[in-house]
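According to this note's numbering, the residues represented by the sequence shown are 468 to 638, in order.
Even for Gly, the Cβ is constructed at its ideal location relative to N, Cα and C.
Bear in mind that the values here come from a model prediction, so they are computed numbers and not experimental data.
As structure tokens, the structure follows; a few thoughts come after it.
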Amino acid sequence: MPSEKKTNLNSVSELKLTSDEALPQVMESLGYEQSFTFSDIKLALGYVTVAIAALLFYIDKKFSFNETYYVVAGLIALYGLVSLVMYYLNSHPNLKNTTYVGYNKSNQKITVHTWCTKYDPIYNVKIVLDDKRDGANSGALAFNKFFDEFGYLNRQEFSNLVSGLVEKKEQ
Numbered sequence: 468m469p470s471e472k473k474t475n476l477n478s479v480s481e482l483k484l485t486s487d488e489a490l491p492q493v494m495e496s497l498g499y500e501q502s503f504t505f506s507d508i509k510l511a512l513g514y515v516t517v518a519i520a521a522l523l524f525y526i527d528k529k530f531s532f533n534e535t536y537y538v539v540a541g542l543i544a545l546y547g548l549v550s551l552v553m554y555y556l557n558s559h560p561n562l563k564n565t566t567y568v569g570y571n572k573s574n575q576k577i578t579v580h581t582w583c584t585k586y587d588p589i590y591n592v593k594i595v596l597d598d599k600r601d602g603a604n605s606g607a608l609a610f611n612k613f614f615d616e617f618g619y620l621n622r623q624e625f626s627n628l629v630s631g632l633v634e635k636k637e638q
């Protein structure tokens with residue numbers, strides 16, 4: 468059954484985005500409930516950097532530089548520290564490309580990492596259970612396996628492919 472959203476088949480980034488958006492529904496059908504803690508932490512850090520930048524702008528407009536030199540230096544150092552933490556969360560090999568984090572009823576954690584190379588129409592999926600990286604299950608799914616020729620996602624086929632990877636990992 469086609470989804471309501473038509474995707475440009477010539478854009479790997481759009482195909483990946485549509486697939487990533489469908490992933491939580493697939494994982495929910497497998498008995499996992501999505502956890503937004505990781506996303507919330509990254510979002511909160513982004514808000515903190517914006518707040519620091521706004522505070523620096525306010526201080527710059529309201530006071531002279533000599534009066535606020537140490538405050539500005541401290542806020543810039545804090546901004547750099549928060550940006551460093553955000554960089555770590557976005558580029559560390561265990562955290563990079565994290566698309567889905569969820570838990571099942573027995574509190575088993577599943578993390579799904581997805582990525583694509585720029586011109587390669589392959590949806591790479593890596594599934595990690597309970598943060599055990601050594602036994603991670605990876606798969607390369609061709610987009611033409613779960614998108615029809617008009618650009619609609621075949622949710623049933625996508626669900627079958629992803630659940631096959633998850634079940635292989637759980638064994």
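Would you report the Cα separation of residue 520 and residue 633, rounded to the nearest angstrom? Cα to Cα, residue 520 sits roughly 42 Å from residue 633.
DSSP three-state label for residue 495, please. Three-state result, residue 495: helix.
Label residue 602 either buried or exposed according to how many other C-beta atoms from any shown protein chain fall within 10 Å of its C-beta, with 16 as the threshold for buried. Exposed, by the Cβ-count rule.
Taking all protein chains shown into account, do 16 or more other C-beta atoms lie within 10 angstroms of the C-beta of residue 590, making it buried, or fewer, making it exposed? Result: buried.
Taking the CB atoms as reference points, tell me whether residue 622 and residue 561 lie closer together than 8 Å. With respect to residue 561, residue 622 sits apart: the two C-beta atoms are not nearer than 8 Å.
Using the beta-carbon count (16 or more within 10 Å), is residue 652 buried or exposed? Lying before the first or after the last residue shown, residue 652 is absent from the chain, which here runs from 468 to 638.
Span of the beta strand (DSSP E), counted from its first residue to its last, around residue 607: Going by DSSP, residue 607 is part of the beta strand (DSSP E) stretching over 604-609.
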